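Residue numbers (UniProt numbering): 1 to 214.
Below, the structure is given as structure tokens:
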């Protein structure tokens with residue numbers, strides 16, 4: 001949020017706030033306008049778009065009905081004996097005033113190793129986002145596959161041709177959905193939900209569960 005605060009006989013002073021959520025931004029914006037000393041009040045979202053207060057109110061009402069505040073966890077597993085891979089993903093998001101969690105897994109046979117399973121698991125998670133209608137939003141992407149996330153963030157190179165193909169697919173999907181990803185490598189202990197789903201997929205247990213959280 002950015003605004004020009006003007007006092008009598010001055011040219012005004014520009015202020016910029018830290019990132020805040022839409023509801024809070026509207027409350028602050030209304031309070032600033034009540035002072036009647038502001039000639040410019042502009043709101044910016046994380047996608048780089050700008051809004052006036054009236055536009056932001058309308059946008060906030062529309063966004064409330066769509067999935068937002070999205071966070072995904074992913075993990076991939078691989079069984080060297082059976083050559084099976086297990087993919088697990090957990091998606092947290094808000095819709096309206098409610099918070100939801102989507103848990104899902106999948107088993108596939110065509111992968112070569114555990115590294116490839118990690119890329120496939122993230123792709124699986126992104127497909128879940130597309131399924132529930134997530135688009136044009138920031139998105140937190142968390143997993144213990146540090147190599148995958150560092151490569152997607154452009155911090156580490158990838159020298160394996162097969163894995164580069166997965167990176168291309170993932171980046172293409174992110175562009176199609178219009179996401180602004182925030183990659184966050186986490187310890188394995190913080191990724192237990194996705195890891196369990198991947199393990200269950202290797203055991204032949206298929207899971208697809210969506211529930212509302214308190």
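Yeah, the Cβ is synthetic: ideal placement off N, Cα and C, and Gly gets one too. Here the structure is a predicted model, which is why all the values come from computation and not from measurement.
Inset, instruction - Return yes when at least one heavy atom of the ligand ZN lies under 7 Å from the C-beta of residue 132, else no. - result: The ligand content of the structure shown is nil, which means the ligand ZN is not present either.
Inset, instruction - Thinking residue 139 and residue 179 are a contact (beta carbons under 8 Å), I'd like their distance in whole angstroms, please. - result: Contact holds; Cβ gap of about 5 Å.
Legend entry - Reduced DSSP category for residue 24 - H, G, I as helix; E, B as strand; rest coil: Helix.
Legend entry - Cβ contact check for the stretch 142 to 151 and the stretch 105 to 123: 3 or more pairs under 8 Å: Taking a cut-off of 8 Å for Cβ pairs, the stretch 142 to 151 and the stretch 105 to 123 touch, as three or more such pairs fall below it.
Legend entry - Which listed residue (21, 111 and 104) has its alpha carbon closest to that of residue 163: Taking residue 163 as reference, the option from 21, 111 and 104 with the minimal CA-CA separation is 111.
Inset, instruction - Locate the beta strand (DSSP E) running through residue 68, then write down its first and last residues. - result: Its beta strand (DSSP E) spans residues 68 to 79.
Legend entry - Simplified DSSP assignment, three categories, for residue 119: Helix.
Inset, instruction - Would you give the residue range spanned by the alpha helix (DSSP H) that residue 177 belongs to? - result: Taken as a continuous stretch (DSSP letters only), the alpha helix (DSSP H) holding residue 177 covers 161 to 177.
Legend entry - Proximity below 8 Å, CB of residue 129 to CB of residue 170: The answer is no: Cβ separation not under 8 Å.
Inset, instruction - Can you tell me which of the three DSSP states residue 190 falls into? - result: Here residue 190 sits in helix by DSSP.
Inset, instruction - Can you say whether residue 183 is buried or exposed, counting buried as having 16 or more other CB atoms within 10 angstroms of its CB? - result: Buried, by the Cβ-count rule.
Legend entry - Selection from 133, 58 and 119 that minimises the alpha carbon distance to residue 165: For the set 133, 58 and 119, the Cα lying nearest the Cα of residue 165 is the one of 119.
Inset, instruction - Leaving aside the five residues before and after residue 133 along the sequence, list all residues of the same chain whose C-beta is less than 8 Å from its C-beta, in chain order. - result: Answer for residue 133: 66 and 67, listed in chain order.
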